[in-house]
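Enquirer:
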Amino acid sequence: MRSLRRTLMMVLLALQLTHSAAQQFQVPDFASPTESIRLLLIASYHPAFPTWPVQREGLEERIREFEGNHQVNICLDVEFMDSKRLFSRVHFANFRNGLVEKLNNLPGYHGVLTADDNALHFVLENREELFPGIPLVFFGVNDADRAASAMKQPQISGVAERIPLEENIRFLKAAFSEPSAIYGISDGTNTGISDARLFRSMQKQFPETELRLLDLAVMSYRELKNTVKEISPSNPVILLDAYLDKQDTGMEFDQAVRFLTEDVRVPMFHVYEHGIGSGLTGGVVISHRLQAYHAMDLLIDMLGSGGDLVPPRLMSPPVRLMLDYNRWRSLGISLPAEWSNPQWVNKPLTIWDLYGIWALIAILLFAGLAILTVLLIGSRRKLILSREQIQREHRRYRTLFDEFSLGLWEEDLSAVRMFLEKLKSSHKGNFSDFLRRNPVLIQESIRDIRIIRVNDAVLKMYKARGEEELIRRLPEIFPPQAKDVFAQAMTRLFEGAGEFSSELLQRDLTGREFWVRFRLTILQGHGLDWRRALVSTEDIDEKIRNRHMLAESLREKETLLREMHHRIKNNLNTVSSLIDLQEEKIEDQRLRDVLDAARGRIYSISMMHELLYGSDTRNSVSLRDYFERIRDAVFSLHQDVINPQEFRQRAPVPELLADIELDISRMVPLGLIFNEILTNTIKHGKTPYERLTIDIKCRMNGNQAELLFQDNGGGNGGADSNSVTSQSRAGGLGLELIQVLGEQLGGDVLSQPVPGGFRVAVSFPLNAPE
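For this note's numbering, add 1210 to where a residue sits in the sequence shown, where the first one is 1.
1) Short check: CB of Arg1717 to CB of Pro1685, under 8 Å?
2) If contacts are defined as beta-carbon pairs under 8 Å, then Gly1485 and Leu1533 qualify, I think. What distance do you get, rounded to the angstrom?
3) Whose CA, out of Phe1290, Gly1514, Tyr1535, Gln1734, lies closest to the CA of Leu1744?
4) Only counting the same chain, and skipping five residues up and downstream in sequence, which positions put a Cβ closer than 6 Å to that of Pro1389?
5) Answer yes if the segment 1706–1720 comes into contact with the segment 1666–1675, meaning at least three C-beta pairs across the two stretches below 8 Å, and no otherwise.
6) Please list the terminal residues of the continuous alpha helix (DSSP H) segment that includes Lys1312.
7) Counting only the same chain and skipping the five closest in sequence on each side, list residues whose C-beta sits under 6 Å from that of Glu1267.
8) Give me the Cβ distance between Arg1295 and Gly1398, rounded to the nearest whole Å; I'm assuming they're in contact under 8 Å.
9) In chain order, what residues of the same chain have a beta carbon less than 8 Å from the beta carbon of Leu1559, not counting five sequence neighbours either side?
10) For Val1300, count neighbouring C-beta atoms within 10 Å of its own C-beta (all shown protein chains included) and say buried if the count is 16 or more, exposed if not.
11) Please give me, in chain order, every unbroken run of the alpha helix (DSSP H) with length at least 4 that falls completely inside the segment 1674–1711.
12) What residues in its chain sit with their C-beta under 6 Å from that of Asp1326, if we drop five residues either side in the sequence?
13) Among the candidates Phe1857, His1736, Thr1324, whose CA atom is the shortest distance from the CA of Ala1707?
14) Tell me which residues share the same chain as Ala1384 and place their Cβ nearer than 6 Å to its Cβ, disregarding the 5 neighbours each side in the sequence.
15) Are the Cβ atoms of Leu1424 and Tyr1393 separated by less than 8 Å?
16) Buried or exposed for Gln1365, please, with buried defined as at least 16 other CB atoms from any protein chain shown within 10 angstroms of its CB.
17) Touch check for the segment 1467–1480 and the segment 1503–1512: three-plus C-beta pairs under 8 Å?
18) Go through its chain and collect everything with a Cβ distance to Leu1867's Cβ below 6 Å, but skip five positions before and after it.
19) Check the C-beta distance from Ile1789 over to Ala1808 and give it rounded, since I have them as a contact under 8 Å.
20) Ser1396 by DSSP, collapsed to three states: which one?
21) Secondary structure at Phe1290, three-state DSSP: helix, strand or coil?
22) May I ask you to list the residues that DSSP assigns as paired with Glu1916?
23) Comparing C-alpha positions only, which one of Gln1415, Met1429, Phe1479 sits nearest to Gln1457?
24) Confirm, please, whether the CB-CB distance from Ile1656 to Leu1645 is below 8 Å.
25) Residues bridged to Gln1962 by DSSP?
26) Would you mind reading off the limits of the alpha helix (DSSP H) that contains Asp1511?
27) I'd like to know whether the C-beta atoms of Gly1487 and Asn1551 end up nearer to each other than 8 Å.
28) To the nearest angstrom, report how far apart Ala1929 and Leu1960 are at their CA atoms.
29) Fully enclosed by the segment 1350–1391, which beta strand (DSSP E) runs are 3 residues long or longer?
30) Report the three-state DSSP secondary structure of Gln1234 (helix, strand or coil).
31) Report buried or exposed for Ala1572, applying the criterion of at least 16 other Cβ atoms within 10 angstroms of its Cβ.
32) For Ala1625 versus Asp1666, is the C-beta distance shorter than 8 Å?
33) Rounded to whole angstroms, what is the Cα-Cα separation between Ser1875 and Phe1884?
34) In the segment 1545–1600, which residue ranges form an unbroken beta strand (DSSP E) of at least 3 residues, counting only runs that do not cross its ends?
35) So His1331 is in the alpha helix (DSSP H); what residue range does that whole segment cover?
36) If you drop the 5 nearest sequence neighbours on each side, which residues of the same chain put their C-beta closer than 7 Å to that of Trp1740?
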């Protein structure tokens, strides 16, 4: 009774543990930077098993790639079943209980990986209780039937491992020239049973060669070794599995290899990399690293698709042949042509293998040194040629400098620049304005100028016997006016101007003052320090004196011309006064009118000389000013019949005429034409004076000008009633005089009656015809 109660309690406890360990799948968020993906790997063997290090490399490689492309961490927990060494129900139960304890106390997993057959078998048996709904990916599975059956279930996929047994048999048949038999060694583990079944199935593909299986499930290690010792060296052995014998005695793989190959002549081959070089002769091998890499990649794809199944991946048949160099050479056989490029293990290092990299480095260093030597020789040659070229150019420059016709000074103004910088640091406000207001401060820095060299023209210009004398007596060549110009130059340069030029009064060492045109330029590359400046001086004393003489002569001529215009005006006014005196003694109105007309024409000419007398140009005046003077004079002469102030508004002179300036030979005819038109309009117009107007217009077309004069003095209109025509019929100069004056201008005069008045159009070139 007590034992029954204990059994029921154990069952209930197991059910409770199973229920609490069950976990539900949660889709991870790859885009969340705080998300951590938890994965569980169940490995069939133990950490020291030969396949685990390379499997780990493949898993970690894919994890690093994923974490590099996403802000998500992958946490991979690994549980080792150690089923190769401890293949028993008790061990599996203990492993399950320990896993259940961890699942109960640790956060859940997003996915599960299994490595090799035993781990897959364990997970499939316990999936509903421990991992319901969690995606599962397997790899390293030799049992093809179990892998195919597992992939039919939901959320299970994997990388099915197909060991290259067929390729190994083909290689051994070709290498050993059709051996009579090929042996295979397996054990009673799940993997061994699967490998044994695959080995037996190969007999159908190779009927000409006997495939004999040595099974540790029915043999002990000692019995197996004794059997292997009896095998002929011409019949190779393929070691598939040797972890457990019929007595449940286990060995590590390396330990089993050493045991089976010691004192044994027959060569042993393997389908995996481990063991080759440590007793095994070689084999056509597959990559555990790639299997693990693709398995992790497959699980990441499943998690990214919400756990949906993605197509399983079957490893491609490997073609990589690995051989132990020493063991293969001891067999004394040649490699088949199709397998002529194996990966050798334990191959003795040649001199090139030992020192090849250093020899290559030495060769590269020697080649580099040789190239560098050639480049240095070439560079030195170029340097010598460049130095010679510079020396030639320097000699040429010195020759040009010394023999140049202008005076050339090479100066160092850095001390002046430093003086101005120091002055600026102690001044607040606009420094340029300060320098202009205080030129004396800059003048003090003349003593800081350092003359580097001058040419012969400078020595000749300043009457110096040599550079030393000129430099020593430098302040003597600067009269007070020159110091002002020097201050202006330094101010402009300090403001950023690259050069400065001016005319400057200088003094040679004999005391003679003369004018020079000088140009100061800061040489390229010295804009910030002024360490190199070039000054050119040209003796222009004779030019300046000639200029002064010409200016004085021009002033004298202007005075004479002004006096001449003044005297002509006075003479014309005298003539006009004589006409006035004569007119007072004449009673005939017709004669008085003739004298009035003559006096108006004389006044027009006199007015031109008066304008020239007061003009700055002395030879031309503004046409608008001239016409306004004539208009006002004509109106004043007829103030007995019109009001000059009022009538001036009815005859405005266009503003455009202010831009026309003509010489006296062309201005006088225009003035006489204008005088004639105004006089005829006032004296002969039939329209009442209070309604009489004169319209004056000007049109410009390049060098051609056109003046339009139109009045409304025709009274009731008609050709016989216009003022100019009436006066012409009366026997005055009239239109005839206007025509003559127009021809004198080199232009055309068009006169015609218009309704209610008369129009005169005068067109003429602005420049006098040649």
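Quick reminder that beta carbons are idealized off the backbone N, C-alpha and C, glycines included.
Expert: In short:
1) Not a contact, by the Cβ cut-off of 8 Å.
2) Contact between Gly1485 and Leu1533 does not hold, since the beta-carbon distance rounds to 13 Å and is not under 8 Å.
3) Considering only Phe1290, Gly1514, Tyr1535, Gln1734, the residue with the shortest C-alpha distance to Leu1744 is Gln1734.
4) Cβ within range, chain order: Ser1444, Asn1445.
5) Contact between the segment 1666–1675 and the segment 1706–1720 is established, with three or more Cβ pairs separated by less than 8 Å.
6) First-last of the alpha helix (DSSP H) with Lys1312: 1299–1315.
7) Cβ within range, chain order: Arg1499.
8) Going by Cβ atoms, the distance from Arg1295 to Gly1398 rounds to 13 Å, so no, they are not a contact pair.
9) Result list for Leu1559: empty, nothing under 8 Å.
10) Val1300 is exposed by the Cβ-count criterion.
11) Segments of the alpha helix (DSSP H) lying fully in the segment 1674–1711: 1677–1682, 1690–1704.
12) Excluding sequence neighbours, Asp1326 sits near Ser1254, Gly1350.
13) The candidate whose alpha carbon is nearest that of Ala1707 is His1736.
14) A distance below 6 Å between beta-carbons, with the five flanking residues on each side excluded, links Ala1384 to the following residues of its chain, in chain order: Pro1546.
15) Result yes, Cβ atoms of Leu1424 and Tyr1393 sit closer than 8 Å.
16) With a threshold of 16 other beta carbon atoms within 10 Å, Gln1365 meets it and is buried.
17) A contact is defined here as three or more CB-CB pairs under 8 Å, and the segment 1467–1480 fails this definition with respect to the segment 1503–1512.
18) Leu1833, Arg1834, Cys1908.
19) Sure, about 6 Å apart at Cβ, within 8 Å.
20) Ser1396: strand per DSSP, three-state reduction.
21) Secondary structure at Phe1290: strand, using DSSP grouped into helix, strand and coil.
22) Bridge partners of Glu1916: Arg1909, Ser1973.
23) Cα-wise, what sits closest to Gln1457 is Met1429.
24) With respect to the 8 Å criterion, Leu1645 and Ile1656 are not classified as neighbours on the basis of their beta carbons.
25) In DSSP, Gln1962 forms a bridge with Arg1969.
26) From DSSP, the alpha helix (DSSP H) with Asp1511 extends over 1498–1514.
27) It is not a contact, given that the beta carbons lie outside the stated cut-off.
28) Note on Ala1929: pLDDT 42, under 50, position unreliable in the model; no value is reported.
29) As summarised for the segment 1350–1391, the continuous beta strand (DSSP E) elements at least 3 residues long and confined to that stretch are 1366–1370, given in chain order.
30) Low local confidence applies: a pLDDT of 47 at Gln1234 is under 50, so the model's placement there is unreliable, with the coordinate-based value given in what follows. Reduced to three states, the DSSP call for Gln1234 is coil.
31) Exposed: under 16 other Cβ atoms inside 10 Å.
32) With respect to the 8 Å criterion, Ala1625 and Asp1666 are not classified as neighbours on the basis of their beta carbons.
33) Between Ser1875 and Phe1884, the C-alpha separation is close to 15 Å.
34) Complete beta strand (DSSP E) runs here, min 3: 1553–1555.
35) Per DSSP, His1331 belongs to the alpha helix (DSSP H) from 1327–1340.
36) Closer than 7 Å at the Cβ level, and outside the excluded window around Trp1740, lie Leu1623, Ser1624, Val1626, Arg1627, Ile1732.
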